[in-house]
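Residue numbers for the sequence shown follow our numbering, so the first one is 2 and each next one is one higher. Glycine included, each C-beta is placed from N, C-alpha and C at the ideal position.
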Amino acid sequence: TSTAYTIIRAENEGRVVFDGGGIRSMFSLTASSRVPQYLEFRGIKWINSGGEPVVFISNAHHIKMLHVGGGDSLSLSSSARPFYVTKSSYILLEDAYAWGAGRYKFQFFVSDHIICRRCVARTDATNGFSGSTPSVIAVFQSYCSQHVEFQNSIAIDTDTPQYWTNYAYLEGGFTIHPYCTTFNKGSDDTFIRGSMALNVQQNSGIFSGSAPRHHFIDFVGWDTLRGLWGTTAAAPNNPTVDHSLFGNMKHATKGNGIQDQTGGRVAVTNSIYNNNYSNALYGVGSSNYNSL
2 TSTAYTIIRA ENEGRVVFDG GGIRSMFSLT ASSRVPQYLE FRGIKWINSG GEPVVFISNA
62 HHIKMLHVGG GDSLSLSSSA RPFYVTKSSY ILLEDAYAWG AGRYKFQFFV SDHIICRRCV
122 ARTDATNGFS GSTPSVIAVF QSYCSQHVEF QNSIAIDTDT PQYWTNYAYL EGGFTIHPYC
182 TTFNKGSDDT FIRGSMALNV QQNSGIFSGS APRHHFIDFV GWDTLRGLWG TTAAAPNNPT
242 VDHSLFGNMK HATKGNGIQD QTGGRVAVTN SIYNNNYSNA LYGVGSSNYN SL
C-alpha cells in the first residue's frame with residue numbers, strides 16, 4: 002500500500018547480481034491479473050539480458066528503484082536497454098547506474114510522473130536496428146512522457162562509436178521526443194536539472210519544440226559533438242535553457258553550443274559557451290545574460 006511498500010533488497014548492496022546469460026530478460030514487472038504497485042527494489046544489479054530490456058517496468062505505478070544497476074543487453078538488438086519504463090506512473094529511479102550494450106540506457110516511454118535522480122549511464126556498444134530499419138541511440142531519454150525530472154544525473158564517457166552500428170542518427174546525453182501518434186501522447190513538462198553530459202560523442206541533449214515545457218537548468222555539456230539541438234516546429238510554450246555551460250563542442254560543421262531549429266522559440270539565459278567549434282548560439286529565440 003502507499004504507507005507500506007513491499008521491499009526487495011540486497012543484504013550487501015551491489016553484490017547481489019542476477020545474470021541472464023545473454024538469453025533471457027532479468028527483470029520484468031508488468032501487469033497480468035494484478036497491477037504492480039507500491040514496490041521498492043534496493044541494491045540489486047541485473048545484467049546480460051537477451052534482446053529484451055534488462056529491467057522492464059510496464060503498466061505499473063508507485064515503484065522505487067534505489068541503488069540499483071543494469072548492464073549489457075548482449076544481443077545488441079534495438080529493444081535492448083538496461084532500464085525501460087513504459088505505460089507507468091509515479092516511478093522513482095535514484096542512485097541507479099547503467100552501462101554496456103543497449104540502444105538507450107534509461108528510457109521512459111508513454112509514462113508520467115517519473116523522477117530519475119543521481120543516476121549515471123554510459124553507452125559502450127549498440128545496434129540501432131528497429132526491426133530492419135535503422136533507429137536512433139541515446140543515453141537518457143523521455144519519449145512521449147509527461148512530468149519527467151532528470152535530477153543530478155550524468156551521461157558520461159559515451160565515446161566508443163566504433164561499436165555503434167546500424168543507427169539512423171545519434172541523439173545525445175539527454176533527449177526529449179515529441180509525439181506518439183499511436184498513443185496520442187506528447188512529451189510535456191520535462192526538466193533536466195543539475196545534470197551533465199561529459200565526453201559523449203553525440204549531442205549534449207535534444208529537445209523537441211513540438212511539445213511544450215522542456216527545460217535545461219544548471220546543465221553542463223562538455224566534450225560532446227554538439228550542444229543542445231532543438232528539432233521540429235515549436236509549440237506555444239517555449240523551451241528554456243538557464244544557468245548552463247556548453248564547451249568543447251567538436252562537430253566539424255555543427256559544433257554549436259545550442260542549435261535551435263524549432264522556429265526560434267528557445268529562450269537562453271545566464272549561461273556560458275566556451276571553445277565550441279562553430280557558434281555559441283544558432284537560431285535561438287532570445288539570449289539574455291549569456292557569456293558567448
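Distance, residue j Cα to residue i Cα
| i | j | result |
| --- | --- | --- |
| residue 172 | residue 122 | 15 Å |
| residue 232 | residue 209 | 5 Å |
| residue 223 | residue 4 | 42 Å |
| residue 277 | residue 257 | 6 Å |
| residue 170 | residue 201 | 14 Å |
| residue 168 | residue 268 | 31 Å |
| residue 283 | residue 289 | 14 Å |
| residue 249 | residue 98 | 25 Å |
| residue 262 | residue 230 | 7 Å |
| residue 246 | residue 274 | 6 Å |
| residue 186 | residue 102 | 29 Å |
| residue 7 | residue 192 | 29 Å |
| residue 18 | residue 189 | 35 Å |
| residue 134 | residue 87 | 22 Å |
| residue 266 | residue 12 | 50 Å |
| residue 74 | residue 243 | 36 Å |
| residue 154 | residue 35 | 32 Å |
| residue 225 | residue 182 | 31 Å |
| residue 105 | residue 156 | 11 Å |
| residue 45 | residue 254 | 43 Å |
| residue 296 | residue 197 | This structure cannot speak to residue 296, because the chain is shown only from 2 to 293. |
| residue 42 | residue 29 | 13 Å |
| residue 251 | residue 280 | 11 Å |
| residue 124 | residue 241 | 27 Å |
| residue 292 | residue 199 | 20 Å |
| residue 93 | residue 116 | 5 Å |
| residue 72 | residue 22 | 12 Å |
| residue 2 | residue 91 | 14 Å |
| residue 85 | residue 40 | 16 Å |
| residue 58 | residue 272 | 36 Å |
| residue 31 | residue 48 | 19 Å |
| residue 53 | residue 287 | 43 Å |
| residue 220 | residue 67 | 23 Å |
| residue 1 | residue 260 | No answer is possible for residue 1: the residues shown for the chain start at 2 and end at 293. |
| residue 20 | residue 128 | 21 Å |
| residue 143 | residue 218 | 16 Å |
| residue 24 | residue 16 | 22 Å |
| residue 118 | residue 95 | 5 Å |
| residue 138 | residue 227 | 15 Å |
Collapsed DSSP secondary structure at residue i in the structure displayed
| i | result |
| --- | --- |
| residue 135 | strand |
| residue 290 | coil |
| residue 164 | helix |
| residue 89 | coil |
| residue 113 | strand |
| residue 10 | strand |
| residue 66 | strand |
| residue 50 | strand |
| residue 125 | coil |
| residue 27 | coil |
| residue 154 | coil |
| residue 186 | strand |
| residue 285 | coil |
| residue 118 | strand |
| residue 74 | strand |
| residue 3 | coil |
| residue 200 | strand |
| residue 173 | strand |
| residue 275 | strand |
| residue 20 | strand |
Nearest-angstrom Cβ-Cβ length linking residue i and residue j, presumed shorter than 8 Å
| i | j | result |
| --- | --- | --- |
| residue 165 | residue 126 | 7 Å |
| residue 136 | residue 112 | The pair is not a contact, with the Cβ atoms about 19 Å apart (cut-off 8 Å). |
| residue 27 | residue 69 | With 8 Å as the limit, residue 27 and residue 69 do not qualify as a contact, their Cβ atoms being about 11 Å apart. |
| residue 194 | residue 147 | In fact, because the Cβ distance is near 17 Å, the residues do not count as touching under 8 Å. |
| residue 64 | residue 37 | 7 Å |
| residue 50 | residue 81 | 7 Å |
| residue 140 | residue 109 | No, residue 140 and residue 109 are not in contact; Cβ-Cβ is about 13 Å, not under 8 Å. |
| residue 120 | residue 184 | 25 Å between Cβ atoms; not a contact. |
inquiry  = Would you call the stretch 167-187 in contact with the stretch 197-209, where contact means no fewer than 3 C-beta pairs closer than 8 Å?
reply    = yes
key: Residue ranges of each beta strand (DSSP E) within the stretch 218-265, 3 or longer   = 221-232, 241-243, 246-248 and 259-261
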